[in-house]
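First up is the structure itself, then whatever we jot down about it.
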Amino acid sequence: MTRIRRLTIGDCDEMIKLWERSSLPFKPKGRDSRQEIGRQMTVSPELFLGAFEGRTLVGTVVGSYDGRKGWINRLAVDPDHRRQGVARILIARIENSLREKGARIIAALVEESNLKSISLFEKLGYVTDKGILYFSKRESEDV
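Okay, so the sequence shown: first residue is 0 according to numbering that gives the first Met the number 0, each after it adds one.
So this is what it looks like as structure tokens:
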């Protein structure tokens, strides 16, 4: 049975290993460094969730809230545990956490090549907003 709980900095190494197994883009010198993850966990600990089978971390999701919109980030499920509803459970839980913070809009950025995630989000009622282009300005490639 899958159990969901908040992640802590003590889960960081397992979380990073899961992201790597899941082929999630990873920036260890920037936004995904242990220090940055710890900072984010301190600010919003309720927005770091992990799915566990026994003691094994099999899924993660990280939320963020900017005061207007909630964001779903770092959704990852171990390849050996996919197609078992883990991602759906994590998305539902992070949506609840974001709504509790006041989010009335919840969004996710998904790479165009990630057809499985696109399909999942569409099945869960998310729609592509074709009228929005994503722009970013980065201090470095690591952030």
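Note that beta-carbon positions come from the ideal geometry of N, C-alpha and C, so glycine has one too.
When you compare only the Cα positions, how much space is there between residue i and residue j?
i, j, result
"GLY130", "ILE104", "16 Å"
"GLY49", "LEU132", "30 Å"
"TRP170", "PRO24", "An answer regarding residue 170 cannot be provided, because it is not within the stretch 0 to 142 covered by the chain."
"SER96", "LEU46", "7 Å"
"ALA102", "GLY62", "11 Å"
"ARG54", "ASP77", "14 Å"
"VAL42", "GLU99", "15 Å"
"MET40", "ASP128", "29 Å"
"SER21", "LYS136", "26 Å"
"GLU138", "GLU94", "30 Å"
Look at residue i and residue j and say whether their C-beta atoms are less than 8 Å apart.
i, j, result
"THR59", "LEU119", "no"
"VAL109", "SER116", "yes"
"ARG81", "PHE51", "no"
"LYS16", "ASP141", "no"
"LEU56", "ASP10", "yes"
"ILE8", "GLY37", "yes"
Kindly identify the DSSP beta-bridge partner or partners of residue i.
i, result
"ILE3", "ALA50"
"LYS68", "ILE104"
"VAL42", "For VAL42, which the question treats as bridged, DSSP gives no partner whatsoever."
Which residue marks the beginning of the beta strand (DSSP E) containing residue i, and which one marks its end?
i, result
"SER63", "55-64"
Which first and last residues belong to the alpha helix (DSSP H) in which residue i is found?
i, result
"ARG82", "Segment: none, ARG82 is in no alpha helix (DSSP H) and carries neither H nor E."
"LYS115", "114-122"
Exercise for the section: Indicate whether the contact test is met: 3 or more Cβ pairs, each with one atom in the segment 26-33 and one in the segment 54-68, closer than 8 Å. Expected result: Short answer: they don't touch.
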